[in-house]
Amino acid sequence: MKPDRISDRSWVEIDLSSFRQNLRALKAFLAPDQGFIQIVKADAYGHGAAEISRVALAEGAAALGVANLDEGKLLRIQGCKAPILILSPALENELGGILDYSLTPTLSDLGMAQKLSSLAASRNSVASVQLKLDSGMHRSGAVEKDFAALWEGCRKLPDLKVEGIFSHFAASESDPDFSRQQEEAFLRILNKHGLNPRQAHLANSSALVNGLGRQFGLCRLGILSYGVFTHPHQCARIGLKPVMTFKSRVVQLKDLPKGSRVGYNLIWQATRRTRCAIIPVGYADGYDFLLSNRGTVSINGKLCPVIGRVSMDMLSVDVTDLKELRPGEEVILLGGTDPELRVENLSARFSGSPYELLCQVGRRAKRYFYDRGKLVTSAPLARREFVSSDYPDSQLNQIIQSAIAQRINSEEMGELISREILRVFFYNKDREILYRRYFAHSIRLEECGSASHWRAITTLSFVKTLQNDFFTVACANTEQALKEYFLRRDVEYRWLMDGNFAIGPQTFQLSSVRINRLKLSTSIHFRHSCMEIRCSHPRLKSLVGSEVRFRIDTETLYPKNSHQLSVFITELTRGVKIGFIHPGALARIECIPVFAGQNKFPRVSVTQDSVRIATKPGEWVFPRSGVVFAY
Ligand SMILES: *Cc1c(COP(=O)(O)O)cnc(C)c1O
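Numbering-wise (my numbering), the sequence shown opens with residue 5 and increments by one.
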């Protein structure tokens, strides 16, 4: 997709090459051996935390910084394995999630530290944490007199590991004197407690460029890495490129006579005959209301003033001086190469915060990521409802897997099933999806005059597309041999014979095999010590490819001392009924269904001489589901 083919109403382009260049320029300010934490809170200041983190880690970031559990968790779900520091204080109810996702919280008080430590102990794990000291900003962090108790207390908690200590500047870009005081205070307090400055960090990005916090092991890079200055003197020290560009298109053009007034409350009036362009972006898209009558946009390389109030979904610009403008023309609202459109310059027009403007931009815009001039990926709009068409296949595969794992409450099975689904449904497109419907299996045990075994009478029926003009029923007496029959697609029924019985027509008998009403003929073959019964009929040929009803009746022996009987679902099945009918003498039968699929708990009904389980007729049941009857 080329940039000029983007046909959205508005969109955000993220230039990862510029981000990389900014990082390299900033890294030149690091002291030798000093590392950095990439701050990616608020979705990397609106730039997309997953992509930004990937580049930052490749550029050597030691860790990532986020605002809260949710942001950290999202990065983990997206596959990030790097250390993630949560910068804001956690709520007590977030501690469990913080441990679940191996995130590093910031602790400012001992009470929370103790709660976290006991929670970690109860899970047999150790929580990595960082401590925050308030060196003068007086926002979060422990003030000096409380810090001693926090540090000494944490040191004694066996289930906490303090990985770092940090503090934050209040005015690193604008107040060098106060910043030096903070730096000295931080160093003094660390020394007082015998703490190593290599394990500490203080500077944010503008502090780094001002030469602050170089004695500490790390610094924390945010806004400058995104190519946005926070103070005019910075541009003399470092060259930075804006990473984000916010774009839209002209949706309407109109000519207004001199004297016309424009927009809500009519605050702008034309002093000449004016051509105006309507842009489908307003404050709901993150274009600040305070840019009303103050903003400028760039069209065809020319700056055009925003006229009148910014509305919720539209704004108007004066394009009188532009020749040959047509609806559909691209508009740069923020970022790009024109200095006027730098975030810091736009926000300065309304005395706003460049940080805020960055985070609010593009609420309705899809993000497109470029690297070395090429579109590498895009991120869908953040919607409240999941809309699958927003996502590329690779991401959908990941979503399918995690959704299945979550739904059946097993990571392992989730991975297996989703891989099977992808294989069967997507990769082998030519392969027909086979599944069984109306599956009914009953096993009846009855006395046959023997002290050691029952007679077992089994009936299996189901509906399935006929693959061949024959199929096989197999009887084996080892799990290993039976396993092989699970892999063979011609085998429709398998029976595991107790090792005490010799396999043969005397011990395992196919009483009747039918496809629809057609009675099939059978022929017995022995392979190793297994018996294979081939079931066929000349008239089956005409039924291949159509759905037929299978019915297989057998009679065999079952040892009385087994004390359990299990039935497994071997194929994708829709609607399952399994019955165990026994001599009434067998009291207290336990029925343990292990079902994966639409419903984990089939209905169980018990009578004096039977136990039956059933799903609803339309319910999907996945292979490897089954039931054990123990008596
Ligand atoms: C946001 C934040 C930073 C990054 O600051 P910039 O000014 O964007 O470089 C660093 N440290 C902490 C604690 C923060 O919250």
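C-beta: ideal position from N, C-alpha, C; glycine also.
Quantities reported herein were computed from a predicted structural model and do not represent experimental measurements.
With a threshold of 16 other beta carbon atoms within 10 Å, F605 falls short and is exposed. Its Cα nearest to that of L294, the residue R313 stands out among K306, R313, K251 and G305. The Cβ atoms of R24 and E63 lie closer than 8 angstroms to each other. Excluding sequence positions up to five before and after K149, its CB lies less than 7 angstroms from no other CB in the same chain. Closest in C-alpha terms to Q612, from the list P587, V255, T619 and V632, comes P587.
Between ligand 1 and the CB of I242, the shortest heavy atom gap is not smaller than 7 angstroms.
For the pair Q402 and R427, the Cα-to-Cα distance works out to about 14 angstroms. According to the DSSP secondary-structure assignment, G630 is paired through a beta bridge with F572 and V598. With a minimum length of 4 residues, the unbroken runs of alpha helix (DSSP H) contained wholly in the segment 175 to 234 fall at 180 to 196 and 209 to 213. Within the same chain, Cβ atoms closer than 7 angstroms to the Cβ of R127 are found at L103, the five residues on either side in sequence being excluded. By the CB criterion at 8 angstroms, V213 and F33 fall inside the cutoff. Residue side-chain check: N72 keeps its Cβ at 7 angstroms or more from all non-hydrogen atoms of ligand 1. Secondary structure within the segment 415 to 503: the alpha helix (DSSP H) runs of 4 or more consecutive residues, fully enclosed, are 415 to 425 and 483 to 491 (chain order). A Cβ-Cβ contact shorter than 8 angstroms links T560 with A460. CA-CA distance, Q134 to S210, rounds to 22 angstroms. Within a 10 Å sphere around the beta-carbon of Q186 sit 16 or more other beta-carbons, which makes this residue buried.
Put simply, the backbone Cα of R423 is about 52 angstroms away from that of A175. DSSP links D322 through a beta bridge to C280. With fewer than 16 other beta carbons inside 10 angstroms of its own, Q256 counts as exposed. M116 counts as buried, since at least 16 other C-beta atoms from the protein chains shown sit within 10 angstroms of its C-beta.
Taking the Cα positions, E98 is about 24 angstroms away from V147. For S355, the distance from the CB to the nearest heavy atom of ligand 1 is not below 7 angstroms. Secondary-structure assignment with DSSP links A146 through a beta bridge to L137. By the Cβ-count criterion, K545 is exposed, with fewer than 16 other Cβ atoms from all chains shown falling within 10 Å of its own Cβ. The beta carbon of L337 is closer than 7 angstroms to those of F250, K251, S252, V285, Y291 and V301 in its chain, skipping five residues each way along the sequence.
In the DSSP annotation of this structure, the continuous segment of the alpha helix (DSSP H) that includes A48 starts and ends at K45 to Y49.
In terms of Cβ geometry, S171 and L222 do not form a close pair [threshold 8 angstroms]. The C-beta separation of L206 from F220 comes to about 5 angstroms, placing the pair in contact by the 8 angstroms criterion. The set of residues with CB atoms less than 5 angstroms from any heavy atom of ligand 1 reads, in chain order, I43, L91, H172, N208, S209, R224, G226 and I227.
A residue is called buried when at least 16 other Cβ atoms come within 10 angstroms of its Cβ; S629 meets this threshold and is buried.
Counting C-beta atoms within 10 angstroms of its own C-beta, P597 has 16 or more neighbours from the protein chains shown and is therefore classed as buried.
Per DSSP, R13 lies in no alpha helix (DSSP H) segment and is marked neither H nor E. Within the segment 348 to 401, complete alpha helix (DSSP H) segments of at least 4 residues are found at 358 to 364, given in chain order. For the pair R353 and P246, the CB atoms are not nearer than the 8 angstroms cut-off. In the structure shown, M248 adopts extended strand secondary structure according to DSSP, grouped into three states.
For W155, DSSP assigns no beta-bridge partner whatsoever.
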